[in-house]
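Under numbering that gives the first Met the number 0, the sequence shown has 377 at position 378, and the numbering climbs by one with no breaks.
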Amino acid sequence: MKSFEELTNDLAPRKFGLYGKLWIGFLVVIILAAVYAYYLQATKGLEITGMRDYALWGIYISNFVFFVAISLVGSLVTAILRLSGVKWATPLTRISEIIAVAAIIMGGLTIIIDMGRPERIYNLFLHGRLQSPIVWDVIVISTYLVISLLLLYFPLLPDLQILRRKFKDNKKLSKWYGKFSLNWDGNYYQRSIYKWSIRTLSVLIIPVAFGIHTVTAWLFATTYRPGWDSSNFGPYFIAGAFVAGAGGVISLMYVLRRTHNLKDYITDFHFDKMGKLLVLLCLIYLYFNVNEYLVPAYKTTEKEAAHLNALFFGEEALLFWTVIIGGLILPVIFLLFKRMRKPFPLFIIGLVVVIGAWWKRFIIVTPTLLHPFLPIQGVPESWHHYRPTHLEWLITWGTLAGAMLIVTLLVRYVPIIPIHETAEENNIIEPRNTDNNEK
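Here is the structure:
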């Protein structure tokens with residue numbers, strides 16, 4: 000059994016090496032390029048994008064739905080597994096919380112990017128109509144962000160105090176850890192409030208998380224269009240979000256395990272469990288996909304038939320079947336074999352699932368818009384299709400890089416695996432703080 004000092008040394012954040020600095024530089028370059036691309040969009044208007052009167056939503060909205068989906072991982076791992084007393088998930092809780100916070104921040108930013116006149120966003124708060132799902136979405140996203148931040152921050156309090164003592168030679172860093180730890184000293188009163196707060200937030204975030212994905216689904220389902228006019232969309236979106244979130248956690252687990260040498264804490268056992276969980280989630284999502292496409296195909300109304308033909312056999316067929324087969328069916332088949340639930344194979348599968356999840360959102364958003372009930376006529380041929388411009392792609396990559404930068408910076412300054420909780424679960428005694436927090 001390791002001592003508390005050894006545990007702290009293993010799990011404390013560390014400075015970036017050369018590769019870490021190059022990674023941050025790479026992300027910053029992408030973000031700066033995206034900022035310039037957005038400047039061009041803001042000054043010249045949305046005409047520089049591939050969006051037109053028919054394809055009025057493009058990869059920005061697809062990206063928004065993807066970020067919202069990934070953010071569900073915070074409630075999946077942190078809340079549900081924490082409340083159910085699943086101890087093996089402890090090394091994964093903070094990873095999932097960090098992903099959730101980064102994703103929901105960039106999801107909210109993506110909505111502003113999609114607006115033609117973002118300076119008028121205040122009108123949504125001043126003159127928003129409660130009958131509109133857009134207003135509901137703003138409310139539930141804001142609520143989810145606040146709860147996610149608190150659910151990340153509160154469990155950090157004991158760890159921040161531990162880091163304050165560990166980095167006492169670095170006075171500036173130690174001072175900031177002390178401030179953010181809120182003078183935690185682990186007394187009975189603090190522990191009682193700490194446990195009650197985390198449990199309460201874990202309970203609260205579950206309905207809010209389900210709400211954010213359901214309301215996002217209603218943005219589409221309340222619109223009378225082929226492919227969207229479905230009462231299945233709420234659970235369909237939630238099931239897909241669980242798949243995307245699990246894939247995101249698996250991918251980050253592997254990266255952090257390698258870069259931070261955490262093989263003793265994020266073990267093959269954790270990958271095996273997450274692999275089995277991913278199989279279950281993919282099967283549930285496949286069930287909803289069958290429901291989503293089988294019923295319209297059976298009814299075969301004229302416009303639904305045109306939409307489905309485009310997906311199954313037309314210009315979107317290659318992308319559609321690649322996502323369904325490569326992003327859902329094949330991962331399930333591969334993960335039935337134990338050797339595929341080892342860290343590296345599972346990392347590749349998780350990465351494929353995440354990429355497939357992004358393109359699945361694109362399939363949900365764009366093809367429907369190109370098959371309206373009224374025929375498309377009297378417009379240029381290019382309006383019959385949607386092809387994102389290079390500026391749209393650059394801005395989208397910038398938001399993805401922004402999310403990864405948030406994750407990277409949090410990994411630099413906070414413990415990836417909870418030190419305090421890990422010590423408690425392994426009966427490792429934490430030395431009492433005798434310096435009285437240097438008050």
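A virtual CB, placed ideally from N, CA and C, is assigned to each residue, including glycine.
Item, Value
"Alpha helix (DSSP H) runs wholly inside the region 346 to 413, at least 4 long, in chain order", "389 to 412"
"Residue environment, glutamine 40, which counts as buried when at least 16 other CB atoms sit within 10 Å", "buried"
"For tyrosine 14, three-class secondary structure by DSSP", "Looking at the sequence itself, residue 14 is lysine, so the reference to tyrosine does not match. Coil."
"Three-state secondary structure assigned by DSSP to phenylalanine 312", "coil"
"Burial state of leucine 162 (16 or more Cβ within 10 Å)", "buried"
"Buried versus exposed call for phenylalanine 439 [16 or more other C-beta atoms within 10 Å across all chains shown]", "Beyond the ends of the chain as shown, which are 0 and 438, falls residue 439; an answer cannot be given."
"Three-way DSSP call (helix, strand, coil) for lysine 262 in this model", "coil"
"Segment limits, alpha helix (DSSP H) that includes tyrosine 187", "187 to 220"
"Pick from Gly244, Phe312 and Ile197 that is closest to alanine 296, judged by C-alpha positions", "Phe312"
"Span of the alpha helix (DSSP H), counted from its first residue to its last, around alanine 88", "Careful: alanine 88 lies outside any alpha helix (DSSP H) and carries neither H nor E."
"Proximal residues to glutamate 429 (C-beta, below 6 Å), its chain only, five neighbours per side dropped", "Phe3 and Ala422"
"Span separating the alpha-carbon of tyrosine 193 from that of glutamate 314", "54 Å"
"Pair within 7 Å by beta-carbon distance, alanine 238 and tyrosine 284", "yes"
"Contact check, threonine 92 vs valine 76, beta carbons under 7 Å", "yes"
"Helix, strand or coil at asparagine 288 [DSSP, three-state]", "helix"
"For asparagine 122, three-class secondary structure by DSSP", "helix"
"Inter-stretch contact (C-beta, 8 Å, three-pair minimum) for the region 150 to 161 and the region 181 to 189", "yes"
"Segment contact, 8 Å Cβ cut-off, at least three pairs: the region 384 to 392 with the region 41 to 54", "yes"
"For asparagine 426 and asparagine 435, the rounded distance between their alpha carbons", "For asparagine 435, the predicted structure reports a pLDDT of 47, less than 50, and the residue's modelled location is therefore unreliable. A value from the coordinates is still provided. Cα to Cα, the separation comes out at about 24 Å."
"C-beta atoms of glycine 349 and glycine 326 nearer than 7 Å", "no"
"Segment contact, 8 Å Cβ cut-off, at least three pairs: the region 376 to 383 with the region 273 to 287", "no"
"Closest by C-alpha distance to valine 322, when choosing among Leu26, Glu303, Ile362 and Leu181", "Ile362"
"Isoleucine 138 vs isoleucine 204 beta-carbon contact at 7 Å", "no"
"Nearest-angstrom Cα separation, counted from proline 366 out to alanine 459", "Only positions 0 to 438 of the chain appear in the structure, and residue 459 is not among them; the question remains open."
"Neighbour-count burial assignment, arginine 409, 16 or more Cβ in a 10 Å radius", "In the sequence on display, residue 409 carries leucine and not arginine. That one is buried."
"Per-residue burial, tryptophan 195 [other beta carbons within 10 Å of its own, 16 or more giving buried]", "exposed"
"Where serine 180 falls: helix, strand or coil (DSSP)", "coil"
"Alpha-carbon spacing of glutamate 5 relative to phenylalanine 209, whole angstroms", "39 Å"
"Residue closest to leucine 329, alpha-carbon to alpha-carbon, out of Pro379, Glu96, Arg338 and Val352", "Val352"
"CB-CB length for glycine 73 against serine 95, believed under 8 Å", "6 Å"
"Inter-residue Cα distance where the pair is tyrosine 253 and glycine 274", "12 Å"
"Nearest-angstrom Cβ-Cβ length linking methionine 339 and phenylalanine 333, presumed shorter than 8 Å", "5 Å"
"Length of the line joining the Cα atoms of aspartate 271 and lysine 337", "8 Å"
"Valine 406 beta carbon less than 7 Å from that of alanine 101", "yes"
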